[in-house]
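Undergrad: Structure provided below as structure tokens; questions to follow.
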Amino acid sequence: MNDINDNARARVIVISSTGKHFTAGMDISVFTDGEGVSAGSGDQYARAEAFRQFVLTLQGTFNCLDNARMPVIAAIQGGCIGAGVDMTSACDVRYCTEDAFFQIAEINIGMTADVGTFPRLCKLIPEGWVRELAYTGRRLTAQKAKEVGLVNDVFATHAELISNVMTLAAEIAEKSPVAIAGSKRMINYARDHSQADALDYIATWQAGMFAPPHMAEAFTAKSQKRAGAFPDLSPLKKRM
């Protein structure tokens, strides 16, 4: 994901899966293979510190979705369980099939979800629903997920889901990548800051990123009834 973002190799990212379920969640063997829970020296506090670093590393695998310059769309079928909720809640938008369900399953194995579900899900759906799902491990059905705003739409089949998501992705890809990246940045910033701070930030952003040539191309493309010819985002320097 970081490679796609850094090299600007796409204008939109679609995450989908095959088979009956989107994901059954994390392989719980990661907690018993010596790299997670049992990592560190014999000292319990050293082990606790090592485990904290382990969790932060896991969180980073999904933070990259939130931080990507381009939109990330999740196309979900069947079960979206445990870490699947962590992952999809970090995406920009979510769509699913009628048989899809979402489950904070960590509570069923005696642990608290820790890779991103709570800080993100609480900003996507009403808090009462987050609490019910977190405390019980119940499944949130596709229709209820749409009702509470977790997914934008529900489709009858996986084929229909993918077709509609790819149509959406193609529509987004026709827009100015700089304007799309700016929009994502502003939405994320507004989500995490006060209204006053967000307004100030977008004013500062526009002072440097306002792009009259891109606007002119958008108007010309519309008048000529064609897709706009916008430059891709620039690749970023290699991570150190």
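In the UniProt record's numbering, the protein residues as written are 1 to 240. From the three backbone atoms N, C-alpha and C, an ideal C-beta is built for every residue, glycine too.
#1: With a Cβ-Cβ cutoff of 7 Å, do F22 and G84 count as a contact?
#2: Output the residue ranges of the alpha helix (DSSP H) runs that lie fully inside the segment 94-164 and measure 4 residues or longer, sorted by chain position.
#3: V14 to D43, Cα distance in whole Å?
#4: What's the gap between the Cα of L199 and the Cα of P235?
#5: Indicate whether M70 and V12 have their beta-carbon atoms separated by less than 7 Å.
#6: What does DSSP give as the partner residue(s) for V14 in the beta ladder?
#7: Any idea what DSSP makes of G19, helix, strand or coil?
#8: At which residues does the alpha helix (DSSP H) containing G208 begin and terminate?
#9: Exposed or buried, which one is Y45 when buried takes at least 16 other CB atoms within 10 Å?
#10: What's the C-alpha gap between N7 and N67?
#11: So, are the CB atoms of L140 and F102 less than 7 Å apart?
#12: Tell me the DSSP secondary structure of G79 in three-state form.
#13: Considering only their Cβ atoms, is the gap separating A90 from G116 smaller than 7 Å?
#14: With a cut-off of 8 Å on the beta carbons, I'd call P177 and L233 a contact; round off their distance for me.
#15: If you count every other CB in all the chains shown that lies within 10 Å of the CB of I81, and 16 or more means buried, which is it?
#16: Just to confirm before moving on: does the CB-CB distance between A100 and Q77 stay below 7 Å?
#17: Between the segment 198-218 and the segment 179-189, are three or more C-beta pairs nearer than 8 Å?
#18: Applying the criterion that 16 or more other CB atoms from any shown protein chain within 10 Å of the CB defines a buried residue, is T167 buried or exposed?
#19: So G25 is in the alpha helix (DSSP H); what residue range does that whole segment cover?
#20: In this structure, how does DSSP classify S234 when only helix, strand and coil are distinguished?
TA: This is what the structure holds:
#1: Position 22 of the sequence shown, counted from the start, is the residue given in the question as residue 22. Position 84 of the sequence shown, counted from the start, is the residue given in the question as residue 84. In this structure, G84 lies closer than 7 Å to F22 by Cβ.
#2: 117-121, 127-136, 142-148
#3: Along the sequence shown, read from residue 1 onward, the residue named residue 14 stands at position 14. Along the sequence shown, read from residue 1 onward, the residue named residue 43 stands at position 43. Going from the Cα of V14 to the Cα of D43 covers about 43 Å.
#4: Along the sequence shown, one-based indexing puts residue 199 at 199. Along the sequence shown, one-based indexing puts residue 235 at 235. Rounded to the nearest angstrom, the two C-alpha atoms are 28 Å apart.
#5: As a first step, residue 70 must be located in the sequence shown, where it is residue number 70. As a first step, residue 12 must be located in the sequence shown, where it is residue number 12. Yes. Within cutoff.
#6: In the sequence shown, the residue the question calls residue 14 occupies position 14. For V14, which the question treats as bridged, DSSP gives the partners I73.
#7: One-based indexing of the sequence shown puts residue 19 at position 19. Here G19 sits in coil by DSSP.
#8: The count along the sequence shown starts at 1 and reaches residue 208 at position 208. Per DSSP, G208 belongs to the alpha helix (DSSP H) from 195-209.
#9: Here residue 45 is taken as the residue at index 45 of the sequence shown, counted from 1. Y45 is exposed by the Cβ-count criterion.
#10: To locate residue 7, count along the sequence shown from 1; it is residue 7. To locate residue 67, count along the sequence shown from 1; it is residue 67. Cα to Cα, N7 sits roughly 14 Å from N67.
#11: Working through the sequence shown from its first residue, we reach residue 140 at position 140. Working through the sequence shown from its first residue, we reach residue 102 at position 102. In this structure, F102 lies closer than 7 Å to L140 by Cβ.
#12: The sequence position of residue 79 within the sequence shown is 79, counting from 1. Looking at G79 - three-state DSSP - the assignment turns out to be strand.
#13: The residue labelled residue 116 in the question sits at position 116 within the sequence shown. The residue labelled residue 90 in the question sits at position 90 within the sequence shown. Yes, these two residues count as a Cβ contact at 7 Å.
#14: Within the sequence shown, the letter at position 177 stands for residue 177. Within the sequence shown, the letter at position 233 stands for residue 233. With a Cβ gap of about 5 Å, P177 and L233 count as contacting.
#15: Indexing the sequence shown from 1 puts residue 81 at position 81. By the 10 Å Cβ count, I81 comes out buried.
#16: Here residue 100 refers to the residue found at position 100 of the sequence shown. Here residue 77 refers to the residue found at position 77 of the sequence shown. Going by C-beta atoms, A100 is nearer than 7 Å to Q77.
#17: yes
#18: Taking the first residue of the sequence shown as position 1, residue 167 is located at position 167. Looking at its Cβ environment, which holds fewer than 16 other Cβ atoms inside 10 Å, T167 is exposed.
#19: Start at 1 with the first residue of the sequence shown, and residue 25 comes out as number 25. Unbroken run through G25: none, as it is neither H nor E.
#20: As a working mapping, residue 234 is identified with position 234 in the sequence shown. If DSSP states are grouped into helix, strand and coil, S234 belongs with coil.
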